[in-house]
Structures are given as C-alpha cells and as structure tokens.
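Below you'll find the structure, written out as structure tokens, and then a few comments.
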Amino acid sequence: MDRSKFKPLNRPFIMSNVAEQFEQLSLDFSKSQNQIQELAAARSQLETQLQENKIVLDEFEELDEDAKIYKMTGPVLLPHDYTEAKLNVTKRIEFIEGEIKRVEAKIEAQQKSMEETRGKLLQTKAQMQQAQ
C-alpha cells in the first residue's frame, strides 16, 4: 500500500474549524441569555399589569352595581356600565394570565436550548484542548 497518496491531517485546519464552531456556539449562548433576559422583563411587566388589574377588580367588588363608573378615553372621562367594566377587567386578567403562561413556556424552552448549547460548548472546548 502506497502511503504517499494519503495526506496527513492538517492540525491547524482542524483547530480552526473547532475554534469557529466554539465561536458560533458562544454567540448562540449569548443570544439565548439575552432572549431569556428579554422574556423575563416581559414576564415582569405582565405580572405588574396583572396585579394592577386585580386591584381594579377588588375595587369593583367594593362598589355597588349601580355606582357610576367612568373610563378614561384619551383625555376624557366617559361613563361606563358597571357590569361591562367589571367583565372587561376580568377578561383582561384572563388574557394576561394566558400571556404569562406563554412567556413562561418560552423561557423554559429557551433555558433548555441554552443548556444544550452549554453542553456543546464544553465538548468543543474539550476538543480544542485535546487538539493543542
């Protein structure tokens, strides 16, 4: 068998490929971290909105059904029906709770993806160290 036809492995090329892979994984990991931070901020904002709407609903519970309710529309306060206003707040609370669940699911999926990327990063780092 003539070994002159076979080329030896080009170590710098392999190292460069692994380094590029490591760099890409690092970027993916950073993007995942940023997305989780953005999702956490969105969740926090939704939690604030939920608490505000729960306070409004508590206020409705203390009012009589024939109490005059006003809704601010732009710079103007307009009369609003008690039952309709309470129903709107209740629906808004349900919607916000649904959004919180959706954001939490996204956070969980992103964390799982980030953990997978972390594992790949560690493997790639080990490959780089072995190649040296």
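166 is the number that my numbering gives to position 63 of the sequence shown; each next residue is one higher, with no gaps.
Heads up, the beta-carbon is just placed ideally off N, CA and C, and yes, glycines get one too.
Quick caveat: nothing in here was measured; it's all calculated off a predicted structure.
Reference residue i, options the options, closest by Cα
{"i": "serine 129", "options": "Met231, Leu224, Gln230, Ala234", "result": "Leu224"}
{"i": "lysine 204", "options": "Glu150, Glu141, Phe132, Val121", "result": "Glu150"}
{"i": "serine 133", "options": "Thr220, Thr227, Ala229, Gln233", "result": "Thr220"}
{"i": "glutamine 140", "options": "Lys209, Ala234, Glu197, Gly222", "result": "Lys209"}
{"i": "glutamate 197", "options": "Thr176, Asp131, Lys157", "result": "Lys157"}
{"i": "glutamate 168", "options": "Leu142, Ala144, Glu123, Glu187", "result": "Glu187"}
{"i": "isoleucine 172", "options": "Pro178, Val179, His183", "result": "His183"}
Supposed close pair residue i, residue j - CB separation, criterion 8 Å
{"i": "lysine 228", "j": "phenylalanine 163", "result": "Going by Cβ atoms, the distance from lysine 228 to phenylalanine 163 rounds to 57 Å, so no, they are not a contact pair."}
{"i": "tyrosine 185", "j": "leucine 166", "result": "7 Å"}
{"i": "valine 121", "j": "methionine 217", "result": "Contact flag wrong, Cβ pair sits at about 21 Å."}
{"i": "glutamate 200", "j": "leucine 153", "result": "7 Å"}
Residue i classed as buried or exposed, judged by whether at least 16 other C-beta atoms fall within 10 angstroms
{"i": "leucine 112", "result": "With a pLDDT of 49 at leucine 112, under the threshold of 50, the modelled position of this residue cannot be trusted, and the question is left open."}
{"i": "valine 206", "result": "buried"}
Contact check, residue i vs residue j, beta carbons under 8 Å
{"i": "serine 255", "j": "glutamine 213", "result": "In the structure as shown, the chain begins at 104 and stops at 235. Residue 255 is therefore absent and cannot be evaluated."}
{"i": "leucine 181", "j": "lysine 174", "result": "yes"}
Cβ-based neighbour list, residue i, same chain, cut-off 7 Å, excluding 5 preceding and 5 following
{"i": "lysine 215", "result": "none"}
{"i": "glutamine 138", "result": "Gln213"}
{"i": "glycine 222", "result": "none"}
Own chain partners of residue i with C-beta closer than 6 Å, once the 5 adjacent residues on each side are dropped
{"i": "arginine 195", "result": "Asn156"}
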